[in-house]
Structure formats: C-alpha cells, structure tokens
Amino acid sequence: MSAEDRVRELGLAVPDYADPPYGGRYGKVKPFHREGNLLLLSGITPEDREGNRLHPGRFGLDLTVEQGYEAARMTAVNALGLIRLAVGSLDKVTSIGRNLCFLRTTDDFEDLHLVSDGVSQLFIDVFGPVAGVAGRASIGVSALSRRNCFELWTEVSVTP
Amino acid sequence: MSAEDRVRELGLAVPDYADPPYGGRYGKVKPFHREGNLLLLSGITPEDREGNRLHPGRFGLDLTVEQGYEAARMTAVNALGLIRLAVGSLDKVTSIGRNLCFLRTTDDFEDLHLVSDGVSQLFIDVFGPVAGVAGRASIGVSALSRRNCFELWTEVSVTP
Amino acid sequence: MSAEDRVRELGLAVPDYADPPYGGRYGKVKPFHREGNLLLLSGITPEDREGNRLHPGRFGLDLTVEQGYEAARMTAVNALGLIRLAVGSLDKVTSIGRNLCFLRTTDDFEDLHLVSDGVSQLFIDVFGPVAGVAGRASIGVSALSRRNCFELWTEVSVTP
Numbered sequence: 042m043s044a045e046d047r048v049r050e051l052g053l054a055v056p057d058y059a060d061p062p063y064g065g066r067y068g069k070v071k072p073f074h075r076e077g078n079l080l081l082l083s084g085i086t087p088e089d090r091e092g093n094r095l096h097p098g099r100f101g102l103d104l105t106v107e108q109g110y111e112a113a114r115m116t117a118v119n120a121l122g123l124i125r126l127a128v129g130s131l132d133k134v135t136s137i138g139r140n141l142c143f144l145r146t147t148d149d150f151e152d153l154h155l156v157s158d159g160v161s162q163l164f165i166d167v168f169g170p171v172a173g174v175a176g177r178a179s180i181g182v183s184a185l186s187r188r189n190c191f192e193l194w195t196e197v198s199v200t201p
Numbered sequence: 042m043s044a045e046d047r048v049r050e051l052g053l054a055v056p057d058y059a060d061p062p063y064g065g066r067y068g069k070v071k072p073f074h075r076e077g078n079l080l081l082l083s084g085i086t087p088e089d090r091e092g093n094r095l096h097p098g099r100f101g102l103d104l105t106v107e108q109g110y111e112a113a114r115m116t117a118v119n120a121l122g123l124i125r126l127a128v129g130s131l132d133k134v135t136s137i138g139r140n141l142c143f144l145r146t147t148d149d150f151e152d153l154h155l156v157s158d159g160v161s162q163l164f165i166d167v168f169g170p171v172a173g174v175a176g177r178a179s180i181g182v183s184a185l186s187r188r189n190c191f192e193l194w195t196e197v198s199v200t201p
Numbered sequence: 042m043s044a045e046d047r048v049r050e051l052g053l054a055v056p057d058y059a060d061p062p063y064g065g066r067y068g069k070v071k072p073f074h075r076e077g078n079l080l081l082l083s084g085i086t087p088e089d090r091e092g093n094r095l096h097p098g099r100f101g102l103d104l105t106v107e108q109g110y111e112a113a114r115m116t117a118v119n120a121l122g123l124i125r126l127a128v129g130s131l132d133k134v135t136s137i138g139r140n141l142c143f144l145r146t147t148d149d150f151e152d153l154h155l156v157s158d159g160v161s162q163l164f165i166d167v168f169g170p171v172a173g174v175a176g177r178a179s180i181g182v183s184a185l186s187r188r189n190c191f192e193l194w195t196e197v198s199v200t201p
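Residue numbers (this note's numbering), protein chains in the order written: chain S, 42 to 201; chain F, 42 to 201; chain B, 42 to 201.
Next up, the structure:
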C-alpha cells in the first residue's frame, strides 16, 4: 500500500497549501526548500489554514501530554500537505530524515518525547516502519509564534 | 540587477570575514560548511567584527520589536559576509533555503515573527522576491552566548 | 594518523549502537539519516547505552561549566558511535559540518560556548584541525528529555 493509499485509509485531513496559496500570516516565507533529493521543511505548527490553533498553551502548565500528542500529530499532517505541494505526491518520499521538535514548556516538564511521538507515529502510519521512522530531537523552549505549543523543522528525502 | 549590485545600492556594511580571519571569540569553529550545492551557516549573531553587540537583552523584558528587527537585519547582513567568504560572490546564491531564528525572550513574548522579519526582508531586498524568500522558524529561548538577543542558523543553495 | 587511530590512542569509549540495536527509550526513532554525502545526526545526549545520564541538571543552577564540558564531550563520543554505525568507520568522515548544541540553562547563564567547546574539541581531537572543526550554535533552553543537560543535532560530510 502506498503512502497516498494510507492517507486515504486513515482519513487524514491533509491541507491543500496551493489553495489559498501558502504564506501571509508570517510575512514573506516560503513553504519548502528543495536541494537535490533533500526537501527541507520549516516552521510547521498545529494550525489549520484559517489560522485556528490546536491547543495553544504550555506543557507543564496548562496542557496535557495527550493534547500535545494531538497537536504534534496535526503538525505532521500539515507536513504531509507541504510535501504534496513540494513534490506532487507523498509517494515520492523515499524516507523521513530528522524531526526537530520544539515544544513550549515550563522549566520542569520532562515528557517531551511523549509529545513528539505524535509526529513520529503519524509518519510511521503513513510511510511505514522503514521510510517513516526518522531521527529526532525534542527541545523545550520559552516561546513560539502565536503561543503555539509545538513547531516542527524537518528534513525529508525524495525521489529525483 | 544582481545581488552584489543591490548590496551596493542599499549601502550595506557587509563584514569581511577574511580579514581578520573568522574565528577566535567562540573557540575553534569554522564560518561555513559546504556539501555539494548546499551551504550551511551557523551561529550568526548581531555582532560586528570587534565583538560589539547590537541590542543585547531579552524580548518581552528590555527590548522592543523594532530593536529586534534591527538586530535580525544586522545578523542577515553578517550572513552575507559569510556567503561571500564561502563562495566568493553573492551572485552565486541560487536561493535562500531556511532560516532558523533563535530569539532570547521571556515566556510570554508573542511577536517573534515580527523580529525574524528583519532577516527575511533583508534577504528579499538583496536576492529578490524569488531567490530571497525562505522557509523559517522563530524559537524563543532562555539563553544565547554573550546575551545576544538573536542567533541565526541557515541553509543556502549555491551554484556548483 | 587516521581518525580511528586517534580514537584508539585517546582510549575513547565509543558505544556500539548495533548491539543492542539503537532505539527503544524514545519510541520509534532511527539513529541517523543519510542523503548523498550528508550524514544527519539528531538527538544525541550524554547517556550511556543503559540510559545512565552524565550530569543531568541545569546550567546556571546546579551544574558547573566543567561538568557541562564533560557532558558535551561524552555526547560527541556518542556521535562517533552513530557515525560508525552509519558508515562503518570514522575514516569515512571528510569533515564535520555544523553542531547545533542545546543546553538546559537558567535565563541568565552566559557561558554556553564554554560548554559546547566539549563537542568542538573532541571532534578536533579525533578528526584533526581541518576536518574536525565545524560550524556551531549554542542555544540555552528550558527543557530537554529526561532532564539531560545537553543535546546535539549535527551534520557530517562523508565519502561516497
């Protein structure tokens, strides 16, 4: 089963970043950068195309790990939309590279990895246990734009 | 008009990292890494070559967004110097890839993107609205070296 | 003298990530990603293979710079194990690219670069003053998984 098949089977609501065109809210930024087989994605957040945020807040203060997992999973679904925009189809992904996960946390929050699992598991669900499994780091920070609780910076290998 | 032409027209004070040679203050680090067409830049701060910092401090506490925009813009001008050192001329840039922007902030600062716009706009001013527009993430953190308010980690595509 | 020779001479305890296989504690993650000559490493911490952490804590509060240097150096030794796992031998490294160093700090900690020097110096000790010297950024953050004091995200160029 292909990645596009799995997305259909899972019923994921992958956003279409072509319509309306990506950009706007954060000034002049682009949705992806490609260099050779490397697709570089940045600044992906748990927001829908109207700017509604899923679980804005801070881990350790007013958000549970379960809410974080949901937000991380939505962020990864948004990443699927960016990959489609960049290369046309998820079936052109050869493997997910690294996920750098930023979480808005208090100083004493420790379960960062349980939140980031929302990204990792979604990519495994879609791309399978070989191509979908990626490197990762989870970093707890003071602030993210618009009080988002999660932001993803990621690197993906795609076919030529 | 080429990127080098625009730099001249804008009258930007791009530092010469060859004289004196880059390095020193932060120990044994190099100014850039190149792998194929990918130029990887790191640890760029709003400091001049004598180590004078523009607006050290913290957003949400003792710095305004306007000061941050200035510091971010100066950081991007410093990046131009590193690109020149790496590939000889700004005209060899095919496009800016991603800007990972770290800001020293309080926990409740929200306008990170307005600060990072200082980087994005400078690259657009120099490289134009196609090659200059990049991906971006803005991350609010507790500490940066020497109390700098801003630090840039960026990826640039260059001609072979 | 080759990098593998230097590791032997320095008596470094480089972990074997093949036995037991890498993974487990942080869920479904992989030890490295390779795209062409670029080796992308992520989430490296000062932990041994049993999960024992060197100096968990926070800079500016309960850790000294000397402890941080030790933790950063151990993290870089762990990176050597990941490089071996990825490409078979340290002698296949052509140069270290960039080290993105995350440190768990208080808001007023300033000596981040003195901690990150533990990574930079270890790579120079092993790969020499040309191939071992890398770009770097040092970022002070609120939280890292399992209260680790240090986490490394790094990029390495290797032979085809």
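We treat Cβ as the ideally placed atom computed from N, Cα and C, and that holds for glycine.
DSSP bridge partner residues for residue i (one or two, in chain order)
i: F:Arg177; result: F:Asn140
i: S:Ala184; result: F:Gly181
i: B:Ser198; result: B:Leu79, B:Ser136
i: F:Ile85; result: F:Leu193
i: F:Arg94; result: F:Glu88
i: F:Arg145; result: F:Val182
i: S:Val12; result: Residue 12 of chain S lies beyond the stretch modelled for chain S, which goes from 42 to 201, so this question has no answer here.
i: S:His74; result: S:Leu81
i: B:Phe164; result: The partner list for B:Phe164 (beta bridge, DSSP) is empty, contrary to what the question assumes.
i: B:Phe100; result: B:Leu104, B:Thr146
Burial state of residue i, where buried means 16 or more other Cβ atoms lie within 10 Å
i: S:Glu203; result: The structure shown does not extend to residue 203 of chain S, since chain S spans only 42 to 201, so no value can be given for it.
i: S:Met42; result: exposed
i: F:Asn140; result: buried
i: B:Pro170; result: exposed
i: S:Thr86; result: buried
i: F:Gly92; result: exposed
i: B:Thr105; result: exposed
i: B:Asp103; result: exposed
i: B:Glu196; result: buried
i: F:Glu107; result: exposed
i: F:Ser161; result: buried
i: F:Ser198; result: buried
i: S:Gly64; result: exposed
i: B:Ala120; result: buried
i: F:Ser130; result: exposed
i: F:Asp158; result: buried
Chain-ordered neighbours of residue i on chain B, where CB pairs are closer than 9 Å
i: S:Gly77; result: Glu76, Gly77
Within-9 Å CB hit, residue i to chain F
i: B:Ala175; result: yes
i: B:Gly101; result: yes
i: B:Ile124; result: no
i: S:Pro72; result: yes
Any chain S beta carbon closer than 9 Å to residue i
i: B:Ile137; result: no
i: F:Pro170; result: yes
i: F:Asp60; result: no
i: F:Leu144; result: yes
Best match in the options for proximity to residue i [C-alpha to C-alpha]
i: F:Ser183; options: B:Gly101, B:Gly176, B:Leu123, B:Pro201; result: B:Gly101
i: B:Gly84; options: B:Arg187, B:Ser198, B:Thr200; result: B:Arg187
i: F:His74; options: B:Glu76, B:Ser136, B:Arg75, B:Asp103; result: B:Ser136
i: B:Asp57; options: B:Lys69, B:Gly77, B:Arg90; result: B:Arg90
i: F:Val128; options: F:Pro72, F:Ile180, F:Gly176, F:Val106; result: F:Pro72
i: B:Lys69; options: S:Gly122, S:Ala54, S:Pro61, S:Ala175; result: S:Ala175
i: B:Ala59; options: B:Ile165, B:Leu123, B:Ser157, B:Val134; result: B:Leu123
i: F:Ala113; options: F:Arg94, F:Leu126, F:Arg125; result: F:Arg94
i: S:Gly77; options: S:Leu155, S:Gly181, S:Val134; result: S:Val134
i: B:Leu193; options: B:Ala54, B:Pro62, B:Gly98, B:Arg145; result: B:Arg145
Proximal chain B residues relative to residue i, where beta-carbon distance stays under 7 Å
i: S:Glu192; result: Those within 7 Å of S:Glu192 in chain B number zero; the least Cβ separation is about 13 Å.
i: F:Leu81; result: Gly138, Arg139, Gly176, Glu196
Closer than 8 Å at the beta carbon, the chain S residues around residue i
i: F:Glu151; result: Ala184, Ser186, Arg187, Arg188
Within-9 Å CB hit, residue i to chain B
i: S:His96; result: no
i: F:Gly84; result: yes
i: S:Asp158; result: yes
Neighbouring residues, chain F, relative to residue i (Cβ below 9 Å)
i: B:Gly181; result: Arg145, Val182, Ser183, Ala184, Leu185, Ser186
Within chain B, partners of residue i - CB distance below 8 Å
i: S:Asp148; result: Arg99, Ser183, Ala184
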